[in-house]
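Reviewing the structure listed below.
Protein chains in written order, with our numbering: chain A, 1 to 166; chain B, 1001 to 1109.
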């Protein structure tokens, strides 16, 4: 077993465990903290795949900006375990069974596809570096890039309008 | 690593997100589970882009770069979506003093 494989299995186990803890935690603040941990594990996977730009963007945008926003909102509302809404046990079980059925369908459908002998390149390859991604972004993808700035502007205006008091 | 490991890891994360959306009633947790599903898809796109690069690197040195740019744009959209969604949740909390999604069925009153 090479070090890449060991790292892959450890990171995968941590990712799935922390994702389960996001769903299972009673306290919303604990859920947010577990979700931040999940995002760090996914960033570790990006490093294994040598996608360095996405690694740093995932840390800055997801773990940094988005999750801090979630944490701020939860603290603003002063949510904790006691304010957690209670749900019917049977409804919860039905949700888990429905999700398990979806998992079963996905695994059964993708177990024997032709693609499974293909290998995702780890540790090597330079398409994930900022130089190459930036060149592609500002040549072929410059129009979507500019449109995303308009999207951000409209999101900002929408947030201000919605958050305004009456 | 064989790409099917990444496929099954992404499936596991996606299904955990779906189970969270179905079983939790706190609007913020539901929102976080949606973020989890977006990240599962991102991981799969990066794995596929590296697979495509390995298979086609001889013909085209930048094969597979589109997948990683898609992930970048998904992150852009997710950031915009989170800001608007959290503003809506804050306004809902201000009006009904709860984040329980079951109260949202009274939205029309």
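Glycine included, each C-beta is placed from N, C-alpha and C at the ideal position.
Contact set between residue i and chain B, taken where Cβ atoms lie within less than 8 Å
i             : result
residue 8/A   : 1001, 1005
residue 132/A : 1062, 1065
residue 17/A  : None at all; the shortest Cβ gap to chain B is about 10 Å.
residue 121/A : 1050, 1051, 1053, 1054
Residues bridged to residue i (per DSSP)
i              : result
residue 78/A   : In DSSP, residue 78/A forms no bridge with anything.
residue 1026/B : 1100/B
residue 1002/B : 119/A
Proximity of residue i and residue j at Cβ, strictly below 8 Å
i              : j              : result
residue 1047/B : residue 49/A   : yes
residue 1076/B : residue 154/A  : no
residue 95/A   : residue 1069/B : no
residue 1088/B : residue 162/A  : yes
residue 1015/B : residue 115/A  : no
residue 1006/B : residue 108/A  : no
residue 61/A   : residue 1079/B : yes
residue 158/A  : residue 1084/B : yes
residue 1032/B : residue 70/A   : yes
residue 144/A  : residue 79/A   : no
residue 66/A   : residue 1071/B : no
residue 99/A   : residue 1018/B : yes
residue 8/A    : residue 1001/B : yes
residue 64/A   : residue 11/A   : no
residue 1062/B : residue 13/A   : no
Status (buried if at least 16 other CB within 10 Å, exposed otherwise) for residue i
i              : result
residue 1039/B : buried
residue 1010/B : buried
residue 1094/B : exposed
residue 3/A    : exposed
Closer than 9 Å at the beta carbon, the chain A residues around residue i
i              : result
residue 1034/B : Simply none; closest approach about 11 Å.
residue 1058/B : Neighbours of residue 1058/B on chain A: none; closest Cβ ~13 Å, over 9 Å.
Contacts of residue i in chain B (Cβ-Cβ under 7 Å)
i            : result
residue 63/A : Under the 7 Å cutoff, chain B gives no residues; its nearest Cβ is about 11 Å from residue 63/A.
residue 20/A : 1016
Beta-carbon proximity list for residue i, same chain, < 6 Å, skipping 5 on both sides
i              : result
residue 1026/B : 1099
residue 54/A   : 46
residue 1064/B : 1049, 1052, 1053
residue 1096/B : 1103
residue 51/A   : 128
residue 1101/B : 1025, 1027
residue 1067/B : 1045, 1048, 1049
Chain-order list of residues whose beta-carbon lies under 7 Å from that of residue i (same chain, five-residue window excluded)
i             : result
residue 18/A  : 34, 37, 38, 41
residue 126/A : 132
residue 31/A  : 22, 25
residue 124/A : 50
Contact list for residue i against chain A, beta-carbon separation under 7 Å
i              : result
residue 1104/B : Result: empty, since nearest Cβ-Cβ is about 12 Å, beyond 7 Å.
residue 1041/B : The premise fails here: residue 1041/B is roughly 11 Å from chain A at the closest Cβ pair, so nothing lies under 7 Å.
residue 1019/B : 23, 95, 96, 99
residue 1088/B : 162
Under 8 Å by beta carbon: chain A residues contacting residue i
i              : result
residue 1044/B : What residue 1044/B touches in chain A: nothing, since even the nearest Cβ is about 10 Å away.
Any chain C beta carbon closer than 8 Å to residue i
i             : result
residue 118/A : No chain C appears in the structure shown, which is made up of the protein chains A and B.
Cross-chain neighbours of residue i in chain B, by beta carbon under 9 Å
i             : result
residue 107/A : 1008, 1011
residue 89/A  : Result: empty, since nearest Cβ-Cβ is about 10 Å, beyond 9 Å.
residue 44/A  : Near residue 44/A there are no residues of chain B at all, since even the closest Cβ is about 11 Å away, more than 9 Å.
Close-in-space but distant-in-sequence residues of the same chain around residue i (CB under 8 Å, 5 per side omitted)
i              : result
residue 1042/B : 1071, 1074, 1075
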